[in-house]
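Chemist: Heads up, the sequence shown is in our numbering, so the first residue is 74 and it goes up one at a time.
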Amino acid sequence: MSQIFKPSINTIARISLLSGILIAGLGLTMIVLRNWAPLVYVGGNAGIAVEQPIRFSHSLHSGQLNIECVYCHISAEQGAYGGIPDTHTCMSCHSGIATYSELLEPVRTSYATGEPVEWLKVHDLADWVYFNHSVHVQNGFACETCHGRVDQMPQVWQAENMLMSWCLECHREPERFIRPISERYTFGYEEPDNQIELGLQLIEEYHVDNEGLTNCSICHR
Ligand code: HEC
Ligand code: HEC
Ligand code: HEC
Ligand code: HEC
Ligand code: HEC
74 MSQIFKPSIN TIARISLLSG ILIAGLGLTM IVLRNWAPLV YVGGNAGIAV EQPIRFSHSL
134 HSGQLNIECV YCHISAEQGA YGGIPDTHTC MSCHSGIATY SELLEPVRTS YATGEPVEWL
194 KVHDLADWVY FNHSVHVQNG FACETCHGRV DQMPQVWQAE NMLMSWCLEC HREPERFIRP
254 ISERYTFGYE EPDNQIELGL QLIEEYHVDN EGLTNCSICH R
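#1: Helix, strand or coil: which one does DSSP assign to Glu-278?
#2: For the alpha helix (DSSP H) that contains Ala-153, what are its first and last residues?
#3: Mapping DSSP to helix, strand and coil, what is Gln-231?
#4: Below 7 angstroms between beta carbons: does that hold for Trp-192 and Gln-125?
#5: Just checking Phe-129 against ligand 1 - is the residue's beta carbon closer than 6 angstroms to any of the ligand's heavy atoms?
#6: Looking only at DSSP bridge pairs, what is Ala-119 linked to?
#7: Using DSSP with H/G/I as helix, E/B as strand and the rest coil, what is Ser-183?
#8: Using C-beta distances below 6 angstroms, list every residue in its chain close to Ile-127, excluding the 5 sequence neighbours before and after it, in chain order.
#9: Whose C-alpha, out of Glu-217, Gly-221 and Val-190, is nearest the C-alpha of Ile-157?
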């Protein structure tokens, strides 16, 4: 009997030894990743999609239908916050389009009752950090640079970790990221070979104030 079982017991022993080593290795990797979070880009809510009360798809509205970001987020160009559109903005189309869609029921209810849709936040910088959209967007910094390919996201997630080190990477060398103003709403932009040269030129041209951008008091006021 024992002779029959022997080979398979050996295999089991080998497998459990191997998986033991694998699990230990995985555990160690996870500890390292947690502690070095800013270095390996798992900070904040990066990469996590949020389950919203309505399945609103950016890849449909902006990717396929080509609706510009600022149709719904005009304050990202004009003000401090990106802002979430109200029900009227949705109904400007959906009073006529997909009017019987079940997915749009909460939009119609909100329109009828005047109760806003309770969208959940995806991005949430600490309150003690000051950020302003318009100063970036109006100087040639694109939605895509900070938010990634939103035009391809069925549900929005935070594309960048938005830790201090991420802000500073650009505040130290904005010439690496700046684009011609006409490209600020472009997705899938390919940066030119002479990005640095062009970048420095655009900084001049747009009067970008790149002095003292790493001073603590700029963001911590
Ligand atoms: C038709 C309206 C509409 C258009 C066009 C649109 N959005 Fe949105 N956006 C929304 C709504 C509604 C939400 C809130 C629900 C969600 O997070 O999906 C949102 C959420 C977001 C968020 C996350 C907000 C948070 O809570 O942190 C970002 C970032 C964003 N949009 C960027 C963009 C960008 C970039 C574009 C252009 C590619 C764009 N949006 C186009 C309606 C729109
Ligand atoms: C500029 C026009 C426009 C605006 C503004 C707009 N949508 Fe749409 N939406 C469309 C079109 C077009 C479709 C595709 C309809 C279809 O497939 O029949 C669509 C589809 C949808 C669908 C999928 C419906 C289904 O049954 O498949 C949802 C959900 C939706 N929109 C939610 C929203 C919300 C929420 C807002 C406001 C934040 C919004 N839309 C703003 C044009 C718009
Ligand atoms: C320089 C980087 C940067 C650029 C460029 C940028 N954003 Fe943002 N965006 C952020 C940060 C950081 C937050 C989080 C702000 C917070 O939580 O207080 C944010 C948050 C948002 C939000 C959530 C609402 C809010 O304000 O908290 C929306 C919507 C949004 N951005 C849309 C856009 C759109 C549309 C564009 C292009 C027109 C754009 N953003 C360009 C960095 C950027
Ligand atoms: C891709 C480049 C880029 C990124 C990323 C970026 N910034 Fe900026 N930011 C700039 C540039 C360039 C300016 C100077 C614009 C000007 O004043 O002409 C600026 C200016 C500012 C200002 C000054 C605004 C004012 O009213 O004077 C604040 C505050 C700021 N950024 C905060 C942040 C924070 C916080 C983050 C990260 C969450 C961030 N920025 C990420 C490029 C960037
Ligand atoms: C370009 C904007 C910007 C500048 C300049 C800046 N910070 Fe920050 N700081 C941030 C952001 C963004 C966070 C992360 C907030 C969060 O977790 O949501 C942060 C977080 C912090 C934290 C909390 C710990 C951490 O790393 O999350 C401390 C402490 C801090 N900053 C100190 C400073 C000091 C000191 C300076 C000047 C040498 C400075 N900051 C300059 C944007 C900035």
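We treat Cβ as the ideally placed atom computed from N, Cα and C, and that holds for glycine.
Fair warning: this is a prediction, and the values are worked out from it, not measured in the lab.
Modeler: Per the coordinate set shown:
#1: DSSP, reduced to helix, strand and coil, places Glu-278 within a helical segment of the structure shown.
#2: If you look at Ala-153, you'll find it isn't in any alpha helix (DSSP H); DSSP assigns it neither H nor E.
#3: Of the three classes helix, strand and coil, the one that applies to Gln-231 here is strand, per DSSP.
#4: Cβ atoms of Trp-192 and Gln-125: closer than 7 angstroms.
#5: Indeed, a heavy atom of ligand 1 lies less than 6 angstroms from the Cβ.
#6: Beta bridge pairing from DSSP links Ala-119 with Gln-231.
#7: If DSSP states are grouped into helix, strand and coil, Ser-183 belongs with the helices.
#8: The residues Pro-179, in chain order, have a CB closer than 6 angstroms to that of Ile-127 in the same chain once the five nearest residues on each side in sequence are set aside.
#9: For Ile-157, the closest C-alpha among the options Glu-217, Gly-221 and Val-190 is that of Val-190.
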